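Have a look at the structure below, then the notes.
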Amino acid sequence: MNLIISAMKEEFAATLNVLKPKIVDKYTQIEVYQKDNWLFAISKIGLVNAAMTLTTLLKDYAIKTVYNLGTVGTLKPNFKPLSVLAITEAYYTFADAQEFGYAMGQIPGELPSYYSDKKLIATITTKMPHIQTAVLGSSDIFIDKIEYFEHIKTKFKNKIDVVDMEGCTFFQVALNYQIPIVSIKIVTDYLQANKKSSTIQFKQNLSQAGILICELISAELFNNQE
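Anchor point for the sequence shown: position 220 equals 220 in the UniProt record's numbering, and the numbering is continuous, going up by one each time.
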């Protein structure tokens with residue numbers, strides 16, 4: 001069984017319409033669909049929702065690979081809206097236990113950062129030579145204030161390229177279950193301290209991002225895996 005997981009139903013809308021997987025009725029708090037040996041799950045927004053959803057599915061199904069497909073805001077102007085990105089590394093951007101000797105972004109007792117599976121990244125970048133790679137930062141904070149931008153830029157030495165509110169948690173949970181994971185993201189907006197500007201971009205590009213996600217799943221994933 002393979003799992004494709006996203007945070008928002010809008011990210012999956014086109015995929016559900018085209019592939020028409022059947023809804024799995026066994027869950028009340030998780031929206032899950034299945035077609036053949038593929039699961040499609042919507043975790044809802046936020047780190048805790050991401051952790052609960054993926055943990056539940058990894059316990060209930062013999063999942064061999066996790067694909068996180070979704071949207072991100074970019075902190076770097078070189079990543080244009082609707083760019084397709086392969087996430088190589090992910091951090092928790094607002095985890096700070098440095099007082100106790102941990103690295104910035106490191107949850108106590110856990111890794112400082114998390115990585116996409118090298119074989120999956122190699123396969124994806126070979127199939128899609130146009131794809132760019134990026135470093136992801138995740139938190140429960142919508143990045144719309146200048147102090148948030150400065151925090152991420154300075155604390156992580158400008159290493160973080162894009163941000164979301166779930167991705168790093170998917171990496172952490174998959175690693176704990178020793179399941180290979182890769183994350184592919186679509187840029188919806190260039191985040192700036194001007195909240196209105198990025199929100200407008202997000203709303204304008206979300207539907208098209210969902211179509212791109214559907215195309216990636218249909219052409220590059222769903223029809224090329226057992």
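No residue lacks a Cβ here, since even glycine has one placed at the ideal position from N, Cα and C. Note that the structure is a prediction, hence the values are computed from the model and not measured.
Buried or exposed: residue i, going by 16 or more other Cβ atoms within 10 Å of its Cβ?
{"i": "residue 66", "result": "buried"}
{"i": "residue 217", "result": "buried"}
{"i": "residue 158", "result": "exposed"}
{"i": "residue 68", "result": "buried"}
{"i": "residue 6", "result": "buried"}
{"i": "residue 106", "result": "buried"}
{"i": "residue 219", "result": "exposed"}
Could you name the residues of the same chain whose beta carbon sits closer than 7 Å to that of residue i, not counting the 5 residues immediately before and after it, in chain order?
{"i": "residue 103", "result": "112"}
{"i": "residue 115", "result": "88, 89"}
{"i": "residue 148", "result": "141"}
{"i": "residue 108", "result": "97, 100, 102"}
Among residues of its own chain, excluding the 5 on either side of residue i, which ones have a beta-carbon nearer than 8 Å to its beta-carbon?
{"i": "residue 20", "result": "35"}
{"i": "residue 173", "result": "50, 51, 54, 55, 58"}
{"i": "residue 73", "result": "143, 162, 163, 164, 187, 188, 189, 190, 191, 198, 202"}
When DSSP labels each residue in this structure, what does residue i get in the three-state scheme?
{"i": "residue 134", "result": "strand"}
{"i": "residue 70", "result": "strand"}
{"i": "residue 171", "result": "helix"}
{"i": "residue 226", "result": "Annotation note: pLDDT 49 at residue 226 (below 50); position unreliable, coordinate value reported separately. Reduced to three states, the DSSP call for residue 226 is coil."}
Within a Cβ cutoff of 6 Å, which residues of the same chain sit near residue i, ignoring the five residues on either side of it in sequence?
{"i": "residue 204", "result": "none"}
{"i": "residue 145", "result": "none"}
{"i": "residue 139", "result": "93, 94"}
{"i": "residue 85", "result": "132, 134, 185"}
Can you give the beta carbon distance from residue i to residue j, rounded, assuming they're within the 8 Å contact cut?
{"i": "residue 38", "j": "residue 63", "result": "The pair is not a contact, with the Cβ atoms about 10 Å apart (cut-off 8 Å)."}
Jot down the residue ranges of each uninterrupted beta strand (DSSP E) in the stretch 77-112, minimum 3 residues, whole runs only, in chain order.
84-92
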